[in-house]
Amino acid sequence: MIRAATPADLPQLVALITGLAAHHDDAALVTEATLARDVFGPHPCLQILVAEAADGLQAYAALTQLARLQWGQRGMDLHHLYVAENQRGKGLGTRLIQAVTDLARAQGCSYLTVSALASNTRAQGFYTKRGFHPAPVSGQRFALDLG
239 MIRAATPADL PQLVALITGL AAHHDDAALV TEATLARDVF GPHPCLQILV AEAADGLQAY
299 AALTQLARLQ WGQRGMDLHH LYVAENQRGK GLGTRLIQAV TDLARAQGCS YLTVSALASN
359 TRAQGFYTKR GFHPAPVSGQ RFALDLG
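Residue numbers (our numbering): 239 to 385.
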């Protein structure tokens, strides 16, 4: 079953996010508190859909809002899509993409973006097969650390 995440999902979501970080040789610093702030707090910046089976969460998709202000368009970025390793190849990723697409459309979005590392050709192929097309960033991107 695919559904919106709830606060009760936080421990399992942290474990899945940690799994995604490990998959990319990163260390996850997320905690239940930071995730609760970002998904369920007074100023949420993420929406998360989860794929649940009888034995718990198997996958998740995390979305952030985007806009193309000059064109009057709203969109979403698929910030994370992760399927537990023992659940891959069962269609969960595809079903999450469909649920994400439906959610974005229901919220008035006209586009959806996703990124994949240049070395992650498996993810690139997955997204291409599901209708995504390359949309390379033009120009330089900058960041300012605030804390």
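From the three backbone atoms N, C-alpha and C, an ideal C-beta is built for every residue, glycine too.
| query | What's the gap between the Cα of Ala-344 and the Cα of Leu-319? | reply | 19 angstroms
| query | Going straight from the alpha carbon of Leu-334 to that of Ala-271, what length do you get? | reply | 25 angstroms
| request: Would you decide whether Gln-285 is buried or exposed? Buried here means 16 or more other CB atoms lie within 10 Å of its CB. | output: buried
| field | Spatial distance of Ala-260 from Lys-328 (CA atoms) | value | 21 angstroms
| request: Answer with buried or exposed for Met-239, where buried requires no fewer than 16 other C-beta atoms within 10 angstroms of its C-beta. | output: exposed
| Paired residues, beta bridge with Leu-316 - DSSP | Leu-301 and Val-352
| message | Let's test the definition: count the other Cβ atoms within 10 Å of the Cβ of Val-321 and tell me whether it reaches 16, buried, or not, exposed. | response | buried
| According to DSSP, which residues form a beta bridge with Gln-311? | Arg-306
| If you drop the 5 nearest sequence neighbours on each side, which residues of the same chain put their C-beta closer than 7 angstroms to that of Ala-247? | Residue 247 is actually Asp in this sequence, not Ala. Closer than 7 angstroms at Cβ, skipping near neighbours: Val-288 and Leu-295.
| message | Do Cys-283 and Met-314 count as a contact pair if the criterion is CB distance below 7 angstroms? | response | no
| query | Per DSSP, what kind of secondary structure is Leu-277 in: helix, strand or coil? | reply | Checking the sequence, you will find Val at residue 277 rather than Leu. Here Val-277 sits in helix by DSSP.
| query | Out of curiosity, what's the CA-to-CA distance linking Gln-250 and Gly-377? | reply | 38 angstroms
| field | C-alpha distance - Ala-354 paired with Gln-362, whole-angstrom precision | value | 6 angstroms
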